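Enquirer: For the sequence shown, our numbering gives the first residue as 5, with consecutive numbering after it.
Just so it is clear, CB atoms sit at the ideal spot from N, CA and C, and this is done for glycine as well.
These numbers come from a predicted model, not from an experiment.
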Amino acid sequence: MKIPEYLGSNSASELVERAESKLVNPVVPAATSPKAQKQALICFSHLRWNFVYQRPQHIMSRASKDFNVYFIEEPIWGNELCISLCKQADDLQIVVPHLPHGLTHDEVIQYQRQLVDELIEREKLTDYVAWYYTPMALNFTDHLRPSLTVYDCMDELSAFLGAPRELIDKEKELLTQAGLVFTGGYSLYEAKRDRHEAVYAFPSSIDHSHFSAARAKQPDPDDQRSIGHPRIGFSGVIDERFDRELIAEVARRRPQWQFVMLGPVVKIDPASLPQGANIHYLGMKDYKQLPNYFSNWDVAILPFALNESTRFISPTKTPEYLSAGLPVVSTPIRDVIRTYGAPGFAQIADTAEAFEKAIERALNGHHPTDWAGIDDLLAESSWNKTWNEMCRHINAQVQIPFEQ
């Protein structure tokens, strides 16, 4: 974990001393009464709740119907040592550790451990499921004794830019402790299935009712209204997985096409992104707003580079685009090919020229044609069904006596 530089005038030791006093009464409201007949689920996430709305948010919001969910984010740095809780929904609380600047790596781990223990004590969590999106959380939770440990492996995080060197070792440790392992796609399943006895594939799913609203004309958002047509849209995190050269070349070849990019730019220099009069970066949008943007696009794209960070991805945007009624053009991502390319629901293109031709074909209404088949597939891919099946596996496990 990267430790931010200390930016104040006090010494780090003074800050730690002051922070220790906060442990006496951190900002964690004491539980006033036991929560009715629900087991707790403590989720450790490398993604913040208010970041791009994706797999963790979809699954944990549904998990809160069956569990009292505590979604623990990575620390925020400041001058305090405490935990803040924010109620997101009934039985779903977002938990944010606050740590002071100037701590050593060991102190960061120590205080995260103490704050998690304080949360468990204050909330009277004696029986809970521990759910991990990041193996790195084991640094401060390896002493916990949950009734069940679940590893929801949504990505091969070790292949991402800036991944900690010890992540691979921590994943081995987590695979040893976990009773269940879920994967975010079939390629990840194939990579993990021989490393654990209970691995189950749960590829990207869809909130169909939310995105299918885009099939009826929605109001064009203010920041998109002045952009001409045809509009070629992308929605997602713009990082090392984004094929900048591909977008630059297709935009150059077709200056009359307008490329609309939604999403935050992370881990890469924004100045390195392709620029042009027909390339528009509109930033991150609220999940609720996406159908309005999608409704006013002509084609949706998945312009992922082919590298180690995309080898196992199963993009959530593929079923979202299709649910919105948009033709989809993607680079040859294995899980996209398998689920959407092979049956002819999405076009796969491996060069700028092929990408250009595929977009043109979609603009002319020549692909896709089997919307009934697409809708049948989407009907089997809901987040509700995904969570219900996950919950079934969890219930089967927790009924087995815990012998560790």
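Output needed for VAL415: all residues of its chain with C-beta closer than 8 Å, excluding positions within five of it in sequence on either side, in chain order.
Expert: Because the chain in this structure spans residues 5 to 408, residue 415 falls outside the shown range and cannot be described.
Enquirer: May I have the straight-line CA-CA distance separating ALA230 from ASN300, to the nearest angstrom?
Expert: On the sequence shown, residue 230 is found 226 positions in, with the first residue counted as 1. On the sequence shown, residue 300 is found 296 positions in, with the first residue counted as 1. Ala is not the amino acid found at residue 230; the sequence shown has Ser there. Between SER230 and ASN300, the C-alpha separation is close to 12 Å.
Enquirer: Opposite TRP375 in the DSSP bridges: which residues?
Expert: Position 371 of the sequence shown, counted from the first residue, corresponds to residue 375. None; TRP375 has no bridge partner.
Enquirer: Which residues share a DSSP beta bridge with CYS157?
Expert: Here residue 157 is taken as the residue at index 153 of the sequence shown, counted from 1. Answer by DSSP bridge pairing, in chain order: THR187.
Enquirer: Using a Cβ-Cβ cut-off of 8 Å (strictly less than) and excluding sequence neighbours within five positions of SER37, which residues of its own chain qualify?
Expert: Counting from 1 along the sequence shown, the entry for residue 37 is found at position 33. Confidence at SER37 is low in this model, with a pLDDT of 42, below 50, so the placement of that residue should be treated as unreliable; the coordinate-derived value is given next. No residues qualify anywhere along the chain.
Enquirer: Measure the CB-CB distance between THR314 and ARG245 and report whether it falls below 8 Å.
Expert: Against the sequence shown, residue 314 aligns to sequence position 310. Against the sequence shown, residue 245 aligns to sequence position 241. Yes, the Cβ-Cβ distance between THR314 and ARG245 is below 8 Å.
Enquirer: Do you know how far the Cα of GLY237 is from the Cα of LEU277?
Expert: Sequence index remark: in the sequence shown, residue 277 carries index 273 (1-based). Sequence index remark: in the sequence shown, residue 237 carries index 233 (1-based). Distance between the alpha carbons of LEU277 and GLY237 is about 16 Å.
Enquirer: For ILE87, count the other beta carbons within 10 Å of its own beta carbon; 16 or more makes it buried, fewer makes it exposed. Which is it?
Expert: As a first step, residue 87 is located in the sequence shown; it is residue number 83 there, counting from the start. Label assigned to ILE87: buried.
Enquirer: Should SER213 be labelled buried (16 or more other beta-carbon atoms within 10 Å of its own) or exposed?
Expert: On the sequence shown, position 209 is the one that residue 213 refers to. SER213 comes out exposed.
Enquirer: Closer than 8 Å is the cut-off here; do at least three beta carbon pairs connect the segment 375-382 with the segment 194-206?
Expert: These segments do not touch.
Enquirer: Could you give the distance in angstroms between the alpha-carbon of ARG235 and the alpha-carbon of SER334?
Expert: Start at 1 with the first residue of the sequence shown, and residue 235 comes out as number 231. Start at 1 with the first residue of the sequence shown, and residue 334 comes out as number 330. Near 16 Å, if we compare the C-alpha coordinates of SER334 and ARG235.
Enquirer: Spatial neighbours of ALA350 within its chain, please: CB distance less than 6 Å, with the 5 preceding and 5 following residues excluded, ordered by chain position.
Expert: As a working note, residue 350 is residue 346 in the sequence shown. Hits under 6 Å: VAL332, SER334 and TYR344.
Enquirer: Roughly how many angstroms lie between the CA atoms of PRO33 and ARG117, to the nearest whole one?
Expert: Along the sequence shown, one-based indexing puts residue 33 at 29. Along the sequence shown, one-based indexing puts residue 117 at 113. Because PRO33 carries a pLDDT of 44, less than 50, the predicted location of this residue cannot be relied on, and the following value inherits that uncertainty. Roughly 18 Å between the two C-alpha positions.
Enquirer: When you compare each of PRO295, ILE352, PRO225 and ASN83 to PHE308 by their alpha carbons, which one comes out closest?
Expert: Along the sequence shown, one-based indexing puts residue 308 at 304. Closest by alpha carbon: ILE352.
Enquirer: For LEU103, which residues of its own chain have a beta-carbon under 7 Å away from its beta-carbon, when the five flanking residues on both sides are left out?
Expert: As a position in the sequence shown, residue 103 is number 99, starting the count at 1. Here the set comprises PRO79, TRP81, LEU85, VAL112 and TYR115.
Enquirer: How many whole angstroms separate the CB atoms of PHE144 and ALA218, which I take to be in contact at a CB cut-off of 8 Å?
Expert: Taking the first residue of the sequence shown as position 1, residue 144 is located at position 140. Taking the first residue of the sequence shown as position 1, residue 218 is located at position 214. Not really, about 42 Å apart at Cβ, beyond 8 Å.
Enquirer: Mapping the DSSP letters down to three states, classify ASN29 as helix, strand or coil.
Expert: Here the question's residue 29 lines up with position 25 in the sequence shown. Reliability of the predicted coordinates at ASN29 is poor, the pLDDT of 35 falling under 50, and the value obtained from them is presented with this limitation in mind. Of the three classes helix, strand and coil, the one that applies to ASN29 here is coil, per DSSP.
Enquirer: Taking ASP95 as the reference, which of PHE75, GLN222 and GLU122 has the closest Cα?
Expert: Position 91 of the sequence shown, counted from the start, is the residue given in the question as residue 95. Minimum Cα distance to ASP95 is reached at PHE75.
Enquirer: Classify ASN83 as helix, strand or coil using the three-state DSSP reduction.
Expert: As a position in the sequence shown, residue 83 is number 79, starting the count at 1. It is coil, neither helix nor strand.
Enquirer: Hey, could you find the ends of the alpha helix (DSSP H) HIS50 is sitting in?
Expert: Locating residue 50 in the sequence shown gives position 46, counting from the first residue. Segment: none, HIS50 is in no alpha helix (DSSP H) and carries neither H nor E.
Enquirer: Could you give the uninterrupted runs of the beta strand (DSSP E) lying entirely in the segment 252-339, keeping only those of 3 residues or more?
Expert: Here the runs fully enclosed are 262-266, 283-287, 303-306 and 332-334.
Enquirer: Okay, do the segment 284-297 and the segment 261-270 touch, 3+ Cβ pairs below 8 Å being the bar?
Expert: Because the criterion of three Cβ pairs below 8 Å is met, the segment 284-297 and the segment 261-270 touch.
Enquirer: Along the alpha helix (DSSP H) that carries ALA362, what are the first and last residues, could you check?
Expert: The residue labelled residue 362 in the question sits at position 358 within the sequence shown. Run containing ALA362: 356-367, per the alpha helix (DSSP H) assignment.
Enquirer: Consult DSSP for VAL402 and reduce its assignment to one of helix, strand or coil.
Expert: Within the sequence shown, the letter at position 398 stands for residue 402. Reduced to three states, the DSSP call for VAL402 is helix.
Enquirer: Check whether the segment 221-229 touches the segment 351-370, counting contact only when three or more Cβ pairs, one atom from each stretch, lie closer than 8 Å.
Expert: At 8 Å Cβ cutoff, the stretches do not touch.
Enquirer: Expressed to the nearest angstrom, what Euclidean distance is found between the alpha-carbon atoms of VAL120 and TRP53?
Expert: Taking the sequence shown and counting its residues from 1, one reaches residue 120 at position 116. Taking the sequence shown and counting its residues from 1, one reaches residue 53 at position 49. If I take the Cα positions, the gap works out to 18 Å.
Enquirer: Distance, Cα to Cα, VAL203 vs GLN41?
Expert: Indexing the sequence shown from 1 puts residue 203 at position 199. Indexing the sequence shown from 1 puts residue 41 at position 37. Answer to the nearest angstrom: the Cα atoms are 28 Å apart.
Enquirer: Please classify GLN97 as buried or exposed, where buried requires at least 16 neighbouring CB atoms within 10 angstroms.
Expert: Here residue 97 refers to the residue found at position 93 when the sequence shown is read from its first residue. Buried, because 16 or more other Cβ atoms sit within 10 Å of the Cβ of GLN97.
Enquirer: Assuming HIS62 is part of the alpha helix (DSSP H), what are its boundary residues?
Expert: To locate residue 62, count along the sequence shown from 1; it is residue 58. Its alpha helix (DSSP H) spans residues 59-67.
Enquirer: For ARG169, which of helix, strand or coil comes out of DSSP?
Expert: What you label residue 169 is simply residue 165 of the sequence shown in a count that begins at 1. Reduced to three states, the DSSP call for ARG169 is coil.
Enquirer: Please check the pair VAL56 and VAL241, which I expect to be a contact at CB under 8 Å, by giving their CB distance rounded to whole angstroms.
Expert: Translated into the one-based positions of the sequence shown, residue 56 becomes position 52. Translated into the one-based positions of the sequence shown, residue 241 becomes position 237. That pair is a contact at about 6 Å.
Enquirer: Could you pull out every residue in the same chain whose Cβ sits closer than 8 Å to the Cβ of ARG256, ignoring the five residues on either side in sequence?
Expert: If you number the sequence shown from 1, residue 256 lands on position 252. These residues qualify, in order along the chain: GLY280.
Enquirer: Can you check whether the CB of PHE316 is closer than 8 Å to the CB of LEU161?
Expert: Stepping through the sequence shown from its first residue, residue 161 is reached at position 157. Stepping through the sequence shown from its first residue, residue 316 is reached at position 312. Taking 8 Å as the Cβ cut-off, LEU161 and PHE316 do not qualify as a contacting pair.
Enquirer: For PRO168, which option in LEU179, PHE186 and PRO139 has the closest C-alpha, if you only look at C-alpha atoms?
Expert: In the sequence shown, the residue the question calls residue 168 occupies position 164. It is PRO139 whose Cα lies nearest to the Cα of PRO168.
Enquirer: Assign TYR136 to one of three DSSP states: helix, strand, or coil.
Expert: The sequence position of residue 136 within the sequence shown is 132, counting from 1. Reduced to three states, the DSSP call for TYR136 is strand.
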